[in-house]
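Novice: Below is one structure. I have some questions about it.
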Ligand code: NDP
Ligand code: 2IT
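Numbering (the working numbering), first residue to last: 32 to 477.
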């Protein structure tokens with residue numbers, strides 16, 4: 032490894048030892064872009080890497096809220112504004128008990144390069160809270176969102192920082208957050224948050240965009256590498272926003288989705304009914320254990336879908352980080368998998384990724400494959416600025432163009448540096464990182 036890259040990584044391992052997810056994300060990126068630093072030894076004196084791995088600002092705040100019985104609880108809120116070289120900070124909000132500063136930093140770091148790949152002018156950020164939205168009433172969710180916004184509002188703005196959804200934050204939460212922002216500010220400023228409802232400034236196609244975009248990326252990969260998609264047995268882990276629309280688009284494209292999962296268990300079904308999954312997760316907000324009763328077919332099991340032996344050719348992890356370690360990666364490859372594309376952020380650990388690359392598996396990293404969500408958020412921002420709305424077809428067509436452009440950027444970088452044709456990891460990292468570095472340098476000691 033290039034000596035400058037390895038020195039900076041060593042320094043981070045001692046400074047950020049308590050943030051394993053952040054270190055993992057930085058190691059994944061830096062270990063695949065060292066050719067940039069071989070080519071540009073002058074970057075060391077310019078502290079390019081140190082500037083890249085240090086967040087511009089990290090905000091942590093108290094979120095007190097009262098439940099329906101009048102008991103007051105306190106959660107931690109965060110916004111990590113990592114890098115705004117390419118445009119306003121942009122990235123989702125996650126409400127999940129596993130949220131901590133290290134998780135926020137990893138997500139914000141990934142977001143910088145993902146956003147760079149979209150070709151749209153957006154910087155990288157992430158925020159959220161360790162609040163658990165499960166089993167909370169609508170009124171409790173609303174009070175929590177309002178209290179969260181009481182602090183967040185002073186740090187965001189249509190040209191400053193534009194949050195959106197992520198795990199645990201969907202249309203309902205965005206509505207409450209945006210509604211309270213408007214009441215505090217006394218204006219409508221539609222472009223301050225994305226993922227809004229269609230009736231008050233949202234974009235058609237945003238809800239579907241991450242999952243649809245993932246499948247558009249998979250289609251590009253398959254085309255470029257002569258892989259047929261029809262009837263390919265596909266596992267989609269998760270059953271939230273990303274997983275549901277990835278599974279439906281995958282089916283539309285002729286793939287055969289045979290399994291999906293949630294945090295408690297998984298379903299296997301040769302005739303998987305995505306509308307039943309939607310009813311369980313989008314309407315009833317409950318567990319997949321209801322699937323067999325509602326669908327009248329299939330099987331439900333507790334545990335991880337990646338600990339089961341399910342014959343499959345494609346795997347689309349769309350739940351959360353670090354779902355697949357080396358052992359699970361070996362299992363899915365043994366079960367026939369030839370292509371893994373990440374709908375979630377960092378669902379594979381670095382050992383799993385290394386194993387895919389060494390075993391000629393086509394592997395698409397999240398920052399390329401799941402960028403359709405944030406890209407469509409940026410299209411929502413454009414529509415808000417123009418005070419116009421595009422049709423679903425117009426948005427979807429732009430999304431397809433963006434996913435094709437991201438795929439091309441990965442391929443061009445792979446070609447430029449003479450990398451193996453399945454090394455989308457290095458391709459995406461080189462393309463994303465180069466754009467940010469070039470902008471940073473052009474703007475001086477940014
Ligand atoms: P949702 O909250 O809608 O869904 C999350 C899904 O993951 C749920 O099915 C949940 O199960 C499941 N899950 C949570 N924790 C675990 C776990 N430990 N093991 C197995 N399954 C688990 O989130 P999204 O669909 O929005 O996000 C999913 C992933 O995609 C995240 O990594 C997110 O960062 C990423 N992403 C999201 C984008 C977006 O636009 N929403 C854009 C790009 C990436 P349960 O229902 O039981 O809680
Ligand atoms: O991880 C992600 O890219 C998202 N959660 C979407 C962020 C956004 O601003 O739409």
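Note that beta-carbon positions come from the ideal geometry of N, C-alpha and C, so glycine has one too.
Please tell me whether, using a cut-off of 6 Å, the distance from the CB of residue 193 to the nearest non-hydrogen atom of ligand 1 is below it.
Specialist: no
Novice: Specify the secondary structure class of residue 463 as computed by DSSP and reduced to three states.
Specialist: If DSSP states are grouped into helix, strand and coil, residue 463 belongs with the helices.
Novice: Distance check for residue 475 and residue 113, CA to CA, integer angstroms please.
Specialist: 17 Å
Novice: Out of 355, 107 and 63, which has the shortest C-alpha to C-alpha gap to residue 96?
Specialist: 107
Novice: Less than 7 Å between the C-beta atoms of residue 63 and residue 376, yes or no?
Specialist: no
Novice: To the nearest angstrom, how far is the alpha carbon of residue 253 from that of residue 370?
Specialist: Roughly 9 Å separates the two Cα atoms.
Novice: Give the DSSP-derived three-state secondary structure of residue 106 in the structure shown.
Specialist: strand
Novice: In whole angstroms, what is the alpha-carbon distance linking residue 447 and residue 256?
Specialist: Using only the alpha carbons, I get a separation of about 18 Å.
Novice: Which whole-angstrom value is the C-beta distance of residue 227 and residue 209, which I expect to be below 8 Å?
Specialist: The C-beta distance from residue 227 to residue 209 rounds to 6 Å, short enough to meet the 8 Å contact threshold.
Novice: Would you tell me roughly how many angstroms separate the C-alpha atoms of residue 200 and residue 265, rounded to the nearest one?
Specialist: 26 Å
Novice: From 133, 386, 469 and 76, pick the residue whose C-alpha is nearest to that of residue 47; which is it?
Specialist: 133
Novice: Quick check: the Cα distance between residue 263 and residue 285, rounded to an integer number of angstroms?
Specialist: 8 Å
Novice: Taking the DSSP output, what are the residues bridged to residue 160?
Specialist: 108 and 126
Novice: Could you tell me which of 241, 316, 418 and 311 sits nearest to residue 323, measuring between CA atoms?
Specialist: 311
Novice: When you measure from the CB of residue 474 to every non-hydrogen atom of ligand 1, does any distance come out below 6 Å?
Specialist: Result no, Cβ not under 6 Å from ligand 1.
Novice: What are the partner residues of residue 345, as DSSP defines its beta bridges?
Specialist: Answer is 265 and 370.
Novice: From residue 470 to residue 116, what distance separates their C-alpha atoms?
Specialist: 6 Å
Novice: Can you tell me whether DSSP reads residue 295 as helix, strand or coil?
Specialist: coil
Novice: Who are the Cβ neighbours of residue 224 in its own chain at under 8 Å, not counting the five residues just before and after it?
Specialist: Hits under 8 Å: 187, 193, 194, 195, 205, 208, 209 and 212.
Novice: So the beta strand (DSSP E) residue 433 belongs to, where does it begin and stop?
Specialist: No beta strand (DSSP E) contains residue 433, which is instead part of the alpha helix (DSSP H) from 423-447.
Novice: Is any heavy atom of ligand 1 found at a distance shorter than 6 Å from the C-beta of residue 198?
Specialist: yes
Novice: By a C-beta neighbour count over all protein chains shown, 10 Å radius and 16 as the cutoff for buried, is residue 293 buried or exposed?
Specialist: buried
Novice: Is any heavy atom of ligand 2 found at a distance shorter than 6 Å from the C-beta of residue 123?
Specialist: yes
Novice: Out of 347, 362, 288 and 408, state which residue places its alpha-carbon closest to the alpha-carbon of residue 121.
Specialist: 408
Novice: Can you name the residues that DSSP bridges to residue 393?
Specialist: 370
Novice: Considering only residues of the same chain and omitting the five flanking positions on each side of residue 382, which have a CB-CB separation below 7 Å?
Specialist: 356 and 357
Novice: Please name the residue, chosen from 109, 420, 76 and 336, that lies closest to residue 181 on a Cα-to-Cα basis.
Specialist: 109
Novice: Compute the beta-carbon to beta-carbon distance between residue 351 and residue 198, rounded to the nearest angstrom, for a pair I have assumed lies under 8 Å.
Specialist: 7 Å
Novice: Kindly indicate which residue of 374, 177 and 234 has the alpha-carbon position closest to the one of residue 271.
Specialist: 374
Novice: I want to check one thing, is the minimum distance from the CB of residue 405 to the heavy atoms of ligand 2 below 6 Å?
Specialist: Indeed, a heavy atom of ligand 2 lies less than 6 Å from the Cβ.
Novice: Consult DSSP for residue 88 and reduce its assignment to one of helix, strand or coil.
Specialist: strand
Novice: By DSSP's criteria, residue 154 is part of a beta bridge. Which residues make up the other side?
Specialist: 120
Novice: Ignore the nearest five residues each way along the sequence and tell me which others in residue 128's own chain have a CB closer than 6 Å to its CB.
Specialist: 161 and 163
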